[in-house]
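Here the structure comes first, spelled out in structure tokens, and everything after it is commentary.
Numbering (the UniProt record's numbering), first residue to last: 1 to 420.
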């Protein structure tokens, strides 16, 4: 296989529209290992959590950047930190709980202790016992801290990076993403809970999915049937200047059942005769002045920030190998939600997550692709809907943002269309 360096000069043929991606990038472990180094440990900022998940001094959350375990903490001064969850002594996990509160972080193996910034503060028997044993005389505790990652917050979303040279997080995100984060994270939030979903497929297939408005009203029957999202709606598919991040949005108020039925023709996805026994699931309230009812903000490499009706959530991708990843869905509302809005958010939480009335099909879509491409060395996908280029669209029938993702992936990891 060609190395990332060898493929730096391999560019997509821009003389013809359409993007081809070799299926082996979803199955070959060499690509997965390069992703860990070049993306998750490279010149990127990865989402690790919400500040609202660690509201009090001493709060912590165990999570991941790519496959690397990390800990998000809040110290006694109110600062937020991210450290690698690996003891500087013998490499054991320091934090084994998902969440908690404690004054310091202690490894159970030999009880090496760290403060909430990751600094080593305690080593049992460091000076030995009864004049015997102990660490060498030149042992310097300050040289054995947990690895501390660069950490920045934008609108209450916490990002971390292994890189000391990557641009600031705000610059990495760009104006469109920062503006959309500000739109949803417009006031203090309350975390409602998590859902976790293991998917037996490659994480990049889900990255494609969240940049793909084309599938949304064809795969997700609930969307189309009840008018939450249709490709005929007013909406746009936009990217930042680097084309690594994607914003998809639509306005449900633009539905026209008669015109929509004609547009979809005999498609199995359009049948407005279906009814819910409990229509309160679709009852909501307008929250935003722009009347937008669906936002999918896909932030490279591992975050989706969403608004679907009154359902607000972040989705974090955690990688476990070329053929497995986890989605962590964290639902939230606003601290000033009244009782009615709290009830709406909790009921509409049924729309998303592993068994969500909308989202359940996405995991299945990833897995049926993964199952079909195992062992395939030469075949490629063909991505061309909307013109076949990484371009913004003022409509929702496009795959342009997927091409933008692959343009960035090719620069960071690299691939040849033909195997070496």
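Beta carbons are placed, not taken as given, at the ideal position from N, Cα and C, and that holds for glycine.
Can you list, in chain order, the residues of its chain with a C-beta nearer than 6 Å to that of residue i? Leave out the 5 residues immediately preceding and following it.
i, result
"residue 329", "195, 313, 315, 353"
"residue 43", "163, 166"
"residue 284", "309, 310, 344"
"residue 193", "331"
"residue 335", "188, 190"
"residue 111", "124"
On a Cα-Cα basis, can you pick out the residue from the options that is closest to residue i?
i, options, result
"residue 41", "125, 319, 191", "319"
"residue 141", "157, 130, 122", "122"
"residue 388", "205, 342, 407", "407"
"residue 259", "251, 230, 158, 242", "230"
"residue 255", "235, 181, 74", "235"
"residue 286", "274, 257, 111, 251", "251"
"residue 355", "88, 138, 180, 199", "199"
"residue 263", "282, 288, 224, 361", "224"
"residue 183", "372, 291, 138, 282", "291"
"residue 273", "34, 221, 181, 112", "221"
"residue 219", "361, 370, 24", "361"
"residue 324", "202, 288, 191, 23", "202"
"residue 190", "30, 24, 346", "346"
"residue 293", "276, 253, 326", "253"
"residue 390", "282, 342, 242", "242"
"residue 357", "386, 90, 281, 288", "281"
"residue 45", "83, 172, 131", "172"
With 16 other CB atoms within 10 Å as the buried threshold, where does residue i fall?
i, result
"residue 133", "exposed"
"residue 301", "buried"
"residue 213", "buried"
"residue 359", "buried"
"residue 125", "exposed"
"residue 109", "exposed"
"residue 410", "buried"
"residue 430", "The structure shown does not extend to residue 430, since the chain spans only 1 to 420, so no value can be given for it."
"residue 418", "exposed"
"residue 306", "buried"
"residue 175", "exposed"
"residue 136", "exposed"
"residue 233", "buried"
"residue 279", "exposed"
"residue 265", "exposed"
"residue 180", "buried"
"residue 348", "buried"
"residue 14", "Low local confidence applies: a pLDDT of 39 at residue 14 is under 50, so the model's placement there is unreliable, and no value is given."
"residue 240", "buried"
"residue 188", "exposed"
"residue 161", "buried"
"residue 88", "buried"
"residue 29", "exposed"
"residue 277", "exposed"
"residue 129", "exposed"
"residue 90", "exposed"
Can you give the beta carbon distance from residue i to residue j, rounded, assuming they're within the 8 Å contact cut?
i, j, result
"residue 248", "residue 296", "4 Å"
"residue 27", "residue 322", "6 Å"
"residue 156", "residue 185", "5 Å"
"residue 61", "residue 99", "5 Å"
"residue 237", "residue 393", "5 Å"
"residue 36", "residue 66", "5 Å"
"residue 54", "residue 74", "4 Å"
"residue 327", "residue 143", "Not quite, the Cβ-Cβ distance comes to about 38 Å (not below 8 Å), so this is no contact."
"residue 31", "residue 380", "Contact doesn't hold; Cβ gap of about 14 Å is too wide."
"residue 120", "residue 145", "5 Å"
Between residue i and the rest of its own chain, which residues show a CB-CB distance below 7 Å, the 5 nearest in sequence each way excluded?
i, result
"residue 382", "18, 20"
"residue 211", "246, 298, 401, 402, 405"
"residue 412", "38, 39, 42"
"residue 170", "154, 178"
"residue 374", "27"
"residue 127", "134"
"residue 377", "24, 419"
"residue 396", "213, 231, 233, 235, 237, 250"
Going by beta carbon distance, what residues of the same chain come within less than 8 Å of residue i, once the five residues before and after it are set aside?
i, result
"residue 47", "157, 158, 159, 299, 302, 303, 314, 316"
"residue 384", "17, 18, 19, 399"
Is there at least one Cβ from chain C nearer than 7 Å to residue i's Cβ?
i, result
"residue 21", "This model lacks chain C altogether, as it is built from one protein chain only."
- Query: Just checking, does the region 68–86 make contact with the region 140–150 on the three C-beta pairs under 8 Å criterion?
  - Reply: yes
- Message: Does the structure place the region 194–208 close enough to the region 357–371 that three or more beta carbon pairs sit under 8 Å?
- Response: yes
- Message: Would you call the region 75–89 in contact with the region 102–117, where contact means no fewer than 3 C-beta pairs closer than 8 Å?
- Response: yes
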